[in-house]
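Novice: So the sequence shown is numbered by the working numbering: it starts at 8 and just counts up by one. Glycine included, every Cβ here is placed at the ideal spot set by N, Cα and C. Please find one structure pasted underneath; my questions will follow.
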Amino acid sequence: MEIRHATNPEDFKQYSTERIRKDFLVSDLFGEDEVNTVYTHYDRVILGGALPVEKSLELTTPVALKVDYFLERRELGVVNIGGLGSVSVDGQRYEMAARECLYIGKGHKDVVFASRSSDEPAKFYLVSTPAHQAYPVQKVNLQQAQAYELGTASESNERTLYRFIHAEGIQSCQLMLGMTVLKPNNMWNTMPAHLHDRRMEAYLYFNLSDKARVIHLMGEPHETRHLIIQNEQAVISPSWSIHSGMGTSNYAFIWAMAGENYTFEDMDAVAMEDLR
């Protein structure tokens with residue numbers, strides 16, 4: 008498991024492109040027949056990827072967690088962005104189609120990821136946060152999720168926002184997770200930008216062609232920086248940073264939040280004239 012430390016926003020102003028990518032871009036989550044994880048000190052969130060091709064993959068326990076099993080004091084959200092697969096939780100198997108989400112609560116010991124076919128393997132994106140109590144395992148698909156149509160064609164940001172794990176959906180301790188899908192010929196997300204100082208956020212961008220890119224804007228509103236992001240790369244967004252993106256084509260992204268406040272609408276809007 009890779010460890011990422013937190014950054015003071017005053018120091019961030021001096022970062023080079025290389026340093027920004029090193030600290031905030033997560034680029035190697037999906038290795039064949041591997042479970043890869045990144046631990047960030049922003050609200051102690053763990054991002055991960057599991058790509059079972061020739062074998063099933065167990066969610067093992069990194070030494071750095073200092074626990075007997077991964078979910079001893081944690082909860083986990085799983086979203087499949089690949090082919091058909093399954094997630095087994097303490098022997099109970101949950102079939103997972105593309106863009107379905109599974110929540111696994113604190114206290115479950117054995118989590119195993121599998122694909123139905125090695126030709127079209129499942130690809131599981133993982134987000135884990137600390138948990139103080141146990142909630143039941145639940146699965147949700149796009150039809151069951153809360154869905155909101157946002158944006159306009161004139162602003163190039165028509166998109167559908169799906170909420171999976173949140174106060175009015177799958178219950179959790181602090182993890183909030185969902186998916187946003189931009190419609191064809193639309194490129195912008197989360198603009199006008201906002202902040203939420205009570206919690207961090209992470210984006211996983213996907214559904215991009217090999218040559219397509221997303222320009223992800225981050226930093227304090229008056230000191231913005233950017234990352235050039237490829238398909239299936241994630242970005243860690245501190246609570247002091249905006250998080251907005253513009254693609255060379257339409258795309259989708261999985262958003263996940265953790266922190267003090269569990270209210271999705273808790274955000275501080277940033278006026279366009281305040282962006283620099």
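V119 and L64 look like a contact to me (Cβ under 8 Å); what is the Cβ gap, rounded to whole Å?
Specialist: For the purposes of this step, residue 119 is taken as the residue at position 112 of the sequence shown. For the purposes of this step, residue 64 is taken as the residue at position 57 of the sequence shown. Sure, about 7 Å apart at Cβ, within 8 Å.
Novice: What's the call for E82, buried or exposed, on a 16-neighbour Cβ count within 10 Å?
Specialist: For the purposes of this step, residue 82 is taken as the residue at position 75 of the sequence shown. E82 comes out buried.
Novice: Where G89 and F131 are concerned, what is the direct C-alpha to C-alpha distance, given to the nearest angstrom?
Specialist: Numbered from 1 along the sequence shown, position 82 holds the residue referred to as residue 89. Numbered from 1 along the sequence shown, position 124 holds the residue referred to as residue 131. If you take the alpha carbons of G89 and F131, they lie about 7 Å apart.
Novice: In this structure, how does DSSP classify I27 when only helix, strand and coil are distinguished?
Specialist: Within the sequence shown, numbered from 1, the residue matching residue 27 stands at position 20. Of the three classes helix, strand and coil, the one that applies to I27 here is helix, per DSSP.
Novice: For K146, which beta-bridge partners are listed by DSSP?
Specialist: Your numbering for residue 146 matches position 139 in the sequence shown. According to DSSP, K146 bridges with L109.
Novice: Assuming V277 and I249 are in contact, meaning their beta carbons sit under 8 Å apart, how far apart are those beta carbons, in whole angstroms?
Specialist: On the sequence shown, position 270 is the one that residue 277 refers to. On the sequence shown, position 242 is the one that residue 249 refers to. The pair is a contact, with the Cβ atoms about 6 Å apart (cut-off 8 Å).
Novice: Using the Cβ count rule (16 or more neighbours within 10 Å means buried), how would you classify I235?
Specialist: As a first step, residue 235 must be located in the sequence shown, where it is residue number 228. Classification of I235: exposed, given that the 10 Å Cβ count is below 16.
Novice: Cα separation between H115 and V96?
Specialist: In the sequence shown, counting from the first residue as 1, residue 115 sits at position 108. In the sequence shown, counting from the first residue as 1, residue 96 sits at position 89. Rounded to the nearest angstrom, the two C-alpha atoms are 7 Å apart.
Novice: Assuming D275 contacts L202 under a Cβ cut-off of 8 Å, what Cβ separation, rounded to an integer in Å, is found between them?
Specialist: By 1-based counting over the sequence shown, the position of residue 275 is 268. By 1-based counting over the sequence shown, the position of residue 202 is 195. The pair is a contact, with the Cβ atoms about 5 Å apart (cut-off 8 Å).
Novice: Which of helix, strand or coil does DSSP assign to D217?
Specialist: Translated into the one-based positions of the sequence shown, residue 217 becomes position 210. In the structure shown, D217 sits in coil (DSSP, three-state: anything other than H, G, I, E or B).
Novice: Using alpha carbons as the reference points, say which of H229, A71, N238 lies closest to L211.
Specialist: Along the sequence shown, one-based indexing puts residue 211 at 204. Checking every option, the nearest Cα to that of L211 belongs to N238.
Novice: Less than 8 Å separating the beta-carbons of T67 and I53?
Specialist: By one-based count along the sequence shown, residue 67 stands at place 60. By one-based count along the sequence shown, residue 53 stands at place 46. No; because the gap between Cβ atoms is not below 8 Å, this pair is not in contact.
Novice: Give the range of the beta strand (DSSP E) segment to which P16 is assigned.
Specialist: Translated into positions along the sequence shown, residue 16 becomes position 9. Run containing P16: none in the beta strand (DSSP E); it sits in the alpha helix (DSSP H), 16 to 19.
Novice: At what residues does the beta strand (DSSP E) containing N43 begin and finish?
Specialist: Here residue 43 corresponds to residue number 36 of the sequence shown, with the count starting at 1. 42 to 47 is the extent of the beta strand (DSSP E) around N43.
Novice: Are there 16 or more other CB atoms within 10 angstroms of the CB of A1, so buried, or fewer, so exposed?
Specialist: In the structure displayed, the chain extends from 8 to 283; residue 1 sits before or after that span and is not available.
Novice: Should the segment 226 to 233 be called in touch with the segment 102 to 113, which here means at least 3 C-beta pairs below 8 Å?
Specialist: As far as the Cβ criterion goes, the segment 226 to 233 does not touch the segment 102 to 113, which means the pair count is below three.
Novice: If we ignore side chains and look at the alpha-carbon of each, how far apart do D164 and M186 end up?
Specialist: The residue labelled residue 164 in the question sits at position 157 within the sequence shown. The residue labelled residue 186 in the question sits at position 179 within the sequence shown. The amino acid at residue 164 is misidentified as Asp; the sequence shows Asn. Going by the C-alpha atoms only, they are around 15 Å apart.
Novice: Between F31, Y155, R205, which has its C-alpha nearest L182's C-alpha?
Specialist: Taking the sequence shown and counting its residues from 1, one reaches residue 182 at position 175. The option with the nearest alpha carbon to L182 is R205.
Novice: Using beta-carbon positions only, say whether A219 and V33 come within less than 8 Å of one another.
Specialist: Counting from 1 along the sequence shown, the entry for residue 219 is found at position 212. Counting from 1 along the sequence shown, the entry for residue 33 is found at position 26. In this structure, V33 does not lie closer than 8 Å to A219 by Cβ.
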